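Take 0 as the starting number for the sequence shown in numbering that gives the first Met the number 0 and just add one per residue.
Just so you know, even glycine gets a beta-carbon here, dropped at the ideal spot from N, CA and C.
Quick caveat, the model's predicted, so the values are computed rather than measured.
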Amino acid sequence: MNKIIKICAAVVVTLLMPIVAFADLTLSIKAEKEIAVVKNGKNELKRVKAKSFEPGDTVFYTISYKNTGTEVVTNAIIDDPVPKNTSYVQDSAVGADADITFSIDKGKSYKKPLMLSYEIKGKNGEVRQAKPEEYTNIRWTISKVPPGGSGHVEFRVRVK
Numbered sequence: 000m001n002k003i004i005k006i007c008a009a010v011v012v013t014l015l016m017p018i019v020a021f022a023d024l025t026l027s028i029k030a031e032k033e034i035a036v037v038k039n040g041k042n043e044l045k046r047v048k049a050k051s052f053e054p055g056d057t058v059f060y061t062i063s064y065k066n067t068g069t070e071v072v073t074n075a076i077i078d079d080p081v082p083k084n085t086s087y088v089q090d091s092a093v094g095a096d097a098d099i100t101f102s103i104d105k106g107k108s109y110k111k112p113l114m115l116s117y118e119i120k121g122k123n124g125e126v127r128q129a130k131p132e133e134y135t136n137i138r139w140t141i142s143k144v145p146p147g148g149s150g151h152v153e154f155r156v157r158v159k
């Protein structure tokens, strides 16, 4: 019997801008999964809104953003935890003009994948590079979003 898992991702955005600016970055998130459909006699994959997931499913998260303010938003940071009972799919985080970093300590610190490492307890200082399935959070830093500007960032996870 398959276990159905419900996943909810939380998104946090931080705006680093002058206090006098009138900028407002609005966010929305959607979770989708792929299903097989037959179209014109051919098998195709189609993304559909996902409400529940089963172990082994791949979930596609898209976070859309829009600057609804009157000033440029600079260095907007979008943080998103990797949902519980899932693991990040390597190289799946994308975002145009975004610097992407990851955390293995629930968002306390962020680094590029090659710099993510930790000391193995009881191994006399032995250090190991973190694997993508050990990532706990993803951070996108977007240098500039002009008034009315919009975009999106994405990532995938696999349900455990």
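Rounded C-beta distance between residue i and residue j? I'm assuming under 8 Å.
i, j, result
"Pro146", "Gly68", "6 Å"
"Val158", "Glu53", "7 Å"
"Thr57", "Val36", "Going by Cβ atoms, the distance from Thr57 to Val36 rounds to 16 Å, so no, they are not a contact pair."
"Lys32", "Phe59", "7 Å"
Looking only at DSSP bridge pairs, what is residue i linked to?
i, result
"Ser63", "Ser27, His151"
"Asp79", "Ile137"
"Lys32", "Val47, Val58"
"Thr85", "Val158"
"Asn74", "None; Asn74 has no bridge partner."
Whose C-alpha, out of the options, is nearest the C-alpha of residue i?
i, options, result
"Ile163", "Gln128, Leu113, Pro112, Lys111", "Lying outside 0 to 159, the shown extent of the chain, residue 163 is not represented and no answer is given."
"Glu70", "Asp23, Lys111, Glu31", "Asp23"
"Val152", "Lys105, Ser91, Leu113", "Ser91"
"Thr140", "Tyr109, Lys50, Gly124, Met114", "Tyr109"
"Arg138", "Pro112, Val47, Lys130", "Pro112"
Report the rounded CA-to-CA distance for residue i versus residue j, giving the unit in angstroms.
i, j, result
"Val156", "Val72", "29 Å"
"Asp79", "Val93", "13 Å"
"Ile76", "Asp96", "12 Å"
"Ser142", "Met114", "22 Å"
"Lys107", "Lys45", "36 Å"
"Lys50", "Glu43", "21 Å"
"Gly148", "Phe154", "21 Å"
"Tyr117", "Val81", "19 Å"
(message) Count Cβ pairs between the segment 122-135 and the segment 96-111 that sit closer than 8 Å; are there 3 or more?
(response) Using a Cβ-Cβ distance cut-off of 8 Å, the segment 122-135 and the segment 96-111 are in contact, since at least three pairs of beta carbons, one from each stretch, lie closer than that value.
(message) Can you confirm whether the segment 22-32 touches the segment 48-66 when touching is taken to mean that 3 or more C-beta pairs between the two stretches lie within less than 8 Å?
(response) Yes, the segment 48-66 touches the segment 22-32.
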